[in-house]
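Okay, so the sequence shown: first residue is 1 according to the numbering used here, each after it adds one. See below for the structure under consideration.
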Amino acid sequence: MNNSKDKHYYLNNIFYSNTNNASLQLAEGEATHYEKNLYFNKNVKIPTTDSQALNMNPLFTQQLGGFSAFAELNALKPTKNSPMIKKGNPVTLTNVHIPSTTRDFFGNSISTHPTMGISE
Numbered sequence: 001m002n003n004s005k006d007k008h009y010y011l012n013n014i015f016y017s018n019t020n021n022a023s024l025q026l027a028e029g030e031a032t033h034y035e036k037n038l039y040f041n042k043n044v045k046i047p048t049t050d051s052q053a054l055n056m057n058p059l060f061t062q063q064l065g066g067f068s069a070f071a072e073l074n075a076l077k078p079t080k081n082s083p084m085i086k087k088g089n090p091v092t093l094t095n096v097h098i099p100s101t102t103r104d105f106f107g108n109s110i111s112t113h114p115t116m117g118i119s120e
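What follows is the structure, given as structure tokens:
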């Protein structure tokens with residue numbers, strides 16, 4: 001049973017644009033909760049409710065664009081100097097009965113202080 005009451009949670013994500021002519025404005029309101037997300041590019045509007053927002057280059061392993069779908073996902077892995085390594089907050093959604101995952105997108109175990117994004 002999901003007791004989130006239709007609330008949307010955005011935790012430890014990366015909102016990124018690699019072009020200057022794109023813009024991104026995220027929905028805000030009582031139905032959304034932003035916590036500890038990283039935002040990069042001058043045209044990405046940071047939600048006012050994300051009090052732990054990071055606004056910096058995530059330092060992905062490769063420049064995005066021009067890859068096949070899975071190779072593009074591999075480019076989203078952090079470099080060893082990335083500001084998102086071990087900067088995420090632990091995700092506990094037990095109060096709304098949504099099970100948390102123990103593995104990242106690539107199957108790696110998620111640590112107690114997770115890396116932001118899809119790759120631990």
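Note that beta-carbon positions come from the ideal geometry of N, C-alpha and C, so glycine has one too.
Coil, strand or helix - residue i by DSSP
i, result
"Asn41", "coil"
"Glu120", "coil"
"Thr115", "coil"
Paired residues, beta bridge with residue i - DSSP
i, result
"Gln25", "Lys45"
"Thr32", "His8"
"Asn55", "Tyr39"
"Ser109", "Arg103"
"Phe67", "Answer is none; Phe67 lacks a bridge partner."
"Ile14", "Leu38"
"Pro78", "Phe60"
Residue i burial status per 10 Å Cβ neighbour count (16 or more: buried)
i, result
"Met116", "buried"
"Met84", "buried"
"Pro90", "exposed"
"Glu72", "exposed"
"Gly29", "exposed"
"Asn21", "exposed"
"Lys7", "exposed"
"Ser82", "buried"
"Lys86", "exposed"
"Asn12", "buried"
"Ser119", "buried"
"Lys80", "exposed"
Original post:
Counting Cβ pairs closer than 8 Å, one from the stretch 60-68 and one from the stretch 40-51, do we hit at least three?
Top reply: Fewer than three Cβ pairs drawn from the stretch 60-68 and the stretch 40-51 lie within less than 8 Å of each other, which leaves the two stretches out of contact.
Original post:
Counting pairs of beta carbons, one from the stretch 102-110 and one from the stretch 34-47, are three or more of them closer than 8 Å?
Top reply: Under the Cβ criterion (8 Å, minimum of three pairs), the stretch 102-110 does not count as touching the stretch 34-47.
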